[in-house]
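See structure below.
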Amino acid sequence: MSSMRIPLRYCRTAAFVYATAPPFRLMSSSATAATADAGPKLFKFTVSDAYKPKKRRPQKIKIKQTNHRVNRPNSGEDSFFYTPSTAKLPGLALGVADGVGGWTEMGIDPSAFSQALCDEMADAFTAHLTQDGNESKRNSLILPKALLEEAYNTILKKNLVEAGGTTACVGVVSNATGVLYTANLGDSGFSVYRSGRVVAQSHAQTHAFNTPYQLAILPRELREFEARQPPGASRHILDHPRDADTASFQLQHGDLVVFSTDGFLDNVSSTEALAIVTKSLLKLRAWVSHPHSGIAPALETELSPELVGTIAAQLVNAAHVSAHDKNKVTPFAKEVQREMRIPYKGGKPDDITIVAFYVTQKPKAML
1 MSSMRIPLRY CRTAAFVYAT APPFRLMSSS ATAATADAGP KLFKFTVSDA YKPKKRRPQK
61 IKIKQTNHRV NRPNSGEDSF FYTPSTAKLP GLALGVADGV GGWTEMGIDP SAFSQALCDE
121 MADAFTAHLT QDGNESKRNS LILPKALLEE AYNTILKKNL VEAGGTTACV GVVSNATGVL
181 YTANLGDSGF SVYRSGRVVA QSHAQTHAFN TPYQLAILPR ELREFEARQP PGASRHILDH
241 PRDADTASFQ LQHGDLVVFS TDGFLDNVSS TEALAIVTKS LLKLRAWVSH PHSGIAPALE
301 TELSPELVGT IAAQLVNAAH VSAHDKNKVT PFAKEVQREM RIPYKGGKPD DITIVAFYVT
361 QKPKAML
């Protein structure tokens with residue numbers, strides 16, 4: 001049976017730190033997680049997005065137009081995707097990708113690679129679930145690193161992108177087990193918010209200051225030029241999907257999971273983001289505050305995509321305000337101070353993209 005295309009929304013490696021010690025493990029190298037994903041659908045994920053592009057000056061260099069700009073959100077050089085969260089699928093796939101802006105100097109559209117990568121990851125996820133009518137395939141999930149690698153190889157094989165670079169943070173989560181699998185390459189990232197705490201959070205992997213790990217496609221002329229250079233000469237960064245950090249994490253009812261590009265992470269601290277999420281979920285009564293036991297998820301509450309989108313938009317707006325505040329000590333300002341050893345304040349104007357989902361766990365699974 002040929003693979004079908006399921007409608008979807010369009011849309012940098014990391015170590016992890018925890019406020020508590022959650023159930024967490026590194027994933028195996030297997031491309032699928034078949035045994036974990038069979039059985040009844042005990043978890044529901046309500047997903048939405050928000051984004052705001054950076055205001056850009058007119059380019060002196062003419063950028064080559066690509067088909068990837070057709071029918072896509074105005075998210076600048078960022079891109080994102082998420083597949084439908086329905087009972088017919090064993091899980092949800094989502095991710096963000098940040099096109100490397102330096103390619104504009106060569107007349108390359110930085111969004112072309114990030115968008116193509118998101119398109120191909122979404123297609124690969126749904127194709128994996130529908131290929132050949134294989135029941136075991138439909139009840140298994142392709143892991144994010146395999147998803148990232150398959151999409152990257154497809155782009156290379158089909159020559160879908162002339163040149164460019166992009167980071168990526170990808171997640172796949174099981175409807176049956178509530179396990180979130182992640183693959184993170186570069187300085188985008190994700191956070192898991194639970195009952196007023198951050199229980200998992202990624203940290204950027206970079207080659208140097210403001211130089212994240214990134215996938216790249218080099219034009220033939222540039223590849224040939226670099227091949228002629230002597231050992232030790234400067235070369236473009238060429239990281240690979242295998243360089244992505246992978247992990248798995250057990251989600252619970254009431255968790256809010258946020259995937260974001262560095263336009264958010266550079267401008268909003270973990271503490272600030274937690275305050276926004278906590279205030280929002282308490283106001284929506286998705287979380288409740290008890291005088292003695294603290295914050296806990298409301299057992300019967302589900303959030304609509306519109307409400308999840310409202311929280312994502314609040315986070316995006318907070319990042320946008322911080323990015324243009326010249327007196328604020330943002331995460332980016334702290335990094336400049338640390339790396340450059342100079343006094344520095346202010347944010348970093350950039351494209352800002354968030355994909356977030358809220359976890360609802362059926363009562364039977366919560367026992």
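Residue numbering for the sequence shown is 1 to 367, as defined by the UniProt record's numbering.
Quick reminder that beta carbons are idealized off the backbone N, C-alpha and C, glycines included.
From a predicted model like this one, the values you see are computed outputs, not experimental measurements.
C-alpha gap between residue i and residue j, whole angstroms
i           : j    : result
E221        : G102 : 18 angstroms
Q314        : G232 : 46 angstroms
T126        : L94  : 12 angstroms
A298        : L42  : 17 angstroms
G178        : A323 : 34 angstroms
residue 372 : D78  : The chain is shown only over 1 to 367; residue 372 falls outside these bounds and no answer can be derived.
Q252        : M106 : 46 angstroms
L92         : N175 : 8 angstroms
S85         : A124 : 16 angstroms
S270        : S202 : 10 angstroms
G347        : K88  : 43 angstroms
T301        : A318 : 26 angstroms
A122        : L274 : 29 angstroms
Y181        : P305 : 22 angstroms
T360        : L256 : 10 angstroms
I295        : S289 : 4 angstroms
E149        : H240 : 8 angstroms
residue 370 : K44  : Outside the shown range of the chain (1 to 367) lies residue 370, about which nothing can therefore be said.
T56         : S140 : Rather than Thr, the amino acid found at residue 56 in this sequence is Arg. R56 and S140: Cα-Cα distance of roughly 43 angstroms.
V321        : E272 : 13 angstroms
K158        : I108 : 18 angstroms
V336        : H128 : 43 angstroms
V308        : P230 : 52 angstroms
T198        : P349 : A quick correction: the sequence has Val, not Thr, at residue 198. So the alpha carbons of these two residues sit roughly 25 angstroms apart.
I276        : N153 : 38 angstroms
Option in the options with minimal Cα separation from residue i
i    : options                   : result
I217 : S111, A122 and K345       : S111
L143 : L156, V258 and V172       : V172
L281 : S293, H292, T310 and R341 : T310
F249 : A183, T278, V268 and L265 : A183
G165 : L265, P219 and P73        : P219
D187 : S293, Q337, V170 and R338 : V170
A163 : G99, T206, L141 and H292  : G99
S293 : S195, Y82 and N153        : S195
L147 : N159, D350, A168 and K157 : A168
V96  : I108, D109, T104 and F81  : F81
V329 : K279, D109 and P343       : P343
T246 : L141, D109 and K145       : K145
Residues near residue i by beta carbon distance below 8 angstroms, same chain, minus five either side
i    : result
A312 : S48, D49, A50, V258, I354, V355 and A356
I155 : F113, A116, L117, E120, V161 and I217
I237 : G165, H207, T211, Y213, Q214 and A216
L265 : D187, S188, G189, A204 and P331
T83  : I6, L8, L89, L92, A93, L94, A122, F125 and T126
Own chain partners of residue i with C-beta closer than 6 angstroms, once the 5 adjacent residues on each side are dropped
i    : result
V316 : A50, K52, I352 and I354
S260 : I354
T278 : G196
G254 : P297
R338 : none
7 angstroms Cβ shell around residue i - same chain, five flanking residues per side excluded
i    : result
L303 : T46, L284, A286 and Y358
S75  : Y51, P53, D351 and T353
K345 : K326, N327, K328, V329 and A333
A151 : L117, E120, M121 and A124
P291 : none
M340 : none
8 angstroms contact criterion, which residue i and residue j should meet: CB distance rounded
i    : j    : result
V192 : A200 : 4 angstroms
P212 : N267 : The pair is not a contact, with the Cβ atoms about 16 angstroms apart (cut-off 8 angstroms).
D243 : L185 : 6 angstroms
is_contact[residue i, chain B] using C-beta, thresh 8 angstroms
i    : result
L180 : No chain B is part of this structure, which consists of one protein chain only.
Original post:
Considering only residues of the stretch 233–286, which uninterrupted beta strand (DSSP E) runs meet the minimum length of 3 residues and lie entirely inside it, listed in chain order?
Top reply: 245–250 and 256–260
Subject >> Unbroken stretches of the beta strand (DSSP E), 3 residues or longer, contained in the stretch 87–114 >> reply: 91–99
**OP:** May I have a chain-ordered list of the beta strand (DSSP E) segments no shorter than 3 residues that lie completely inside the stretch 289–315?
**Re:** 294–297
Subject >> Uninterrupted alpha helix (DSSP H) stretches inside the stretch 118–188 (no shorter than 4 residues) >> reply: 135–138 and 144–158
**OP:** Could you pull out every unbroken alpha helix (DSSP H) segment of at least 4 residues lying fully inside the stretch 318–364, listed in chain order?
**Re:** 331–340
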